[in-house]
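Beneath this line is the structure, given in C-alpha cells, with notes to follow.
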Amino acid sequence: MFIDIPALTLPQRTAWLQHAIAPRPICFVSTIDKEGNVNLSPFSFFNLFSNNPPVVIFSPARSGRDNHLKDTLLNVKEVPEIVINICDIDMVQQVSLSSCEYPKGVDEFMKAGFTKTKASMVQPPMVKESKVNLECKVFDIKSLGEMGGAGQLIFAEVLCMHVNENILNEEKTMIDQKKLHHIARLGGDYYASITPENLFTVPKPIRELGIGVDALPASIRNSTILTGNNLGMLANVQILPLVDASFEDEKLKNIVQYFSS
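Here our numbering is used: the first residue of the sequence shown is 183, the next is one more, and so on.
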C-alpha cells in the first residue's frame, strides 16, 4: 500500500505517522511563567539527541484544531527552564488527564492529582510521583511553521537528574531497566508499557565487526528455514567457526538430513 503523505488531511497524516512511528517516549514536562503559574503537560514528540552535551528535544506542536500555541511553549519563552518527569505505568491515567487543554493559569498538578516537589537548579517544580526527574535549561527553540500541527522544537540541556533509589540495581550504580516500567505512546489511544517479561537484550557489535550476512556460506544465507533474525545473529561473529572434520554427532546429522530433504 502506497500512501502519499502530503496529500492527506492533517488528521489522516497524524494518524498514519503516529501509528507507524511508535512507541514514542513521553516528555512529561513542568514549566513556569514569569508570574509563577505552573504548567504540566505530556508530549510524545521527544527524545535524547546528544550525550555530550546532554541534550533533549521535545515538541509542543501547534494545535491541529485551532492552531493555538501550547502553554508549555509560552512558558518556556518567558522562563527557559523545565523539568522532564519520566513516566511509568503507575502514572499513566494521571498523565493522560493532564493532557486536557485547561485554560492558561490552571495548575495541572492539582487537576491530575500530582505532588509538587522543589527542584535543585531550575524554577519549575518536579513531579514527586515520577521516579526520574531531569532538570533542564532551554537554550533554543525552532519553529517548523505557523500552520496547525507544526512542530515547535524545544532544545534543552540536562543539568541534573533525580532518581528514586528503589529503581536502582543492587550495586546502586545504574537504573535497573526491569524496575522502571516506562510507558510510551503509539497511535490513537494506544500506549505501551515496559515490563520484565517483554524486555530482551541484543549484543552490540561495537568493538569487533560482525562478518555480515554476505560473508555467511551460501547454504546458510539462502536457507528457507532461517529467518532474518537468525541470519543476523549468525553474522554477528567476528570469524567463521572452523569445522572439525572429525566431529560426529548422529542426532545432529539426522536433523540436518531431515531439513535438507
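Even for Gly, the Cβ is constructed at its ideal location relative to N, Cα and C.
This structure is a prediction, so every number in the text was calculated from the model and none was measured.
Could you tell me which residues DSSP puts in a beta bridge with residue i?
{"i": "residue 213", "result": "221"}
{"i": "residue 337", "result": "239, 322"}
{"i": "residue 298", "result": "309"}
{"i": "residue 207", "result": "366"}
{"i": "residue 357", "result": "350"}
{"i": "residue 232", "result": "237"}
Determine whether the beta carbon atoms of residue i and residue j lie at a separation below 8 Å.
{"i": "residue 268", "j": "residue 211", "result": "no"}
{"i": "residue 323", "j": "residue 335", "result": "yes"}
{"i": "residue 420", "j": "residue 393", "result": "yes"}
{"i": "residue 287", "j": "residue 192", "result": "no"}
{"i": "residue 263", "j": "residue 319", "result": "yes"}
{"i": "residue 326", "j": "residue 280", "result": "no"}
{"i": "residue 395", "j": "residue 408", "result": "no"}
{"i": "residue 208", "j": "residue 277", "result": "yes"}
{"i": "residue 332", "j": "residue 244", "result": "yes"}
{"i": "residue 265", "j": "residue 316", "result": "yes"}
{"i": "residue 391", "j": "residue 417", "result": "no"}
Helix, strand or coil for residue i? Go by DSSP, reduced to three states.
{"i": "residue 201", "result": "helix"}
{"i": "residue 317", "result": "strand"}
{"i": "residue 328", "result": "coil"}
{"i": "residue 291", "result": "helix"}
{"i": "residue 193", "result": "helix"}
{"i": "residue 346", "result": "coil"}
{"i": "residue 261", "result": "coil"}
{"i": "residue 270", "result": "strand"}
{"i": "residue 374", "result": "strand"}
{"i": "residue 434", "result": "helix"}
{"i": "residue 254", "result": "helix"}
{"i": "residue 185", "result": "coil"}
{"i": "residue 419", "result": "coil"}
{"i": "residue 384", "result": "coil"}
{"i": "residue 379", "result": "helix"}
{"i": "residue 392", "result": "coil"}
Using C-beta distances below 8 Å, list every residue in its chain close to residue i, excluding the 5 sequence neighbours before and after it, in chain order.
{"i": "residue 362", "result": "268, 270, 313, 314, 349, 376"}
{"i": "residue 274", "result": "365, 373, 375"}
{"i": "residue 246", "result": "192, 193, 196, 330, 331"}
Give every residue of the same chain whose Cβ lies closer than 7 Å to the Cβ of residue i, excluding the five residues on either side of it in the sequence, and list them in chain order.
{"i": "residue 220", "result": "212, 214, 289, 291, 306, 307"}
Residues in the same chain with beta-carbon distance under 6 Å from residue i, minus the five sequence neighbours each way, listed in chain order, please.
{"i": "residue 255", "result": "242, 334"}
{"i": "residue 360", "result": "378"}
{"i": "residue 228", "result": "207, 209, 240"}
{"i": "residue 310", "result": "297, 299"}
{"i": "residue 253", "result": "221, 286"}
{"i": "residue 230", "result": "238"}
Practice problem: Would you check if there are 3 or more beta carbon pairs closer than 8 Å linking the segment 188-201 to the segment 358-369? | Solution: Touching, yes, given that three or more Cβ pairs across the two stretches are closer than 8 Å.
Quiz item: Does the pairing of the segment 302-322 with the segment 211-231 give three or more beta-carbon distances under 8 Å?
Solution: Flag = yes, the segment 302-322 and the segment 211-231 touch.
Quiz item: Is the segment 339-347 close to the segment 233-247, with three or more CB pairs under 8 Å?
Solution: Because the criterion of three Cβ pairs below 8 Å is met, the segment 339-347 and the segment 233-247 touch.
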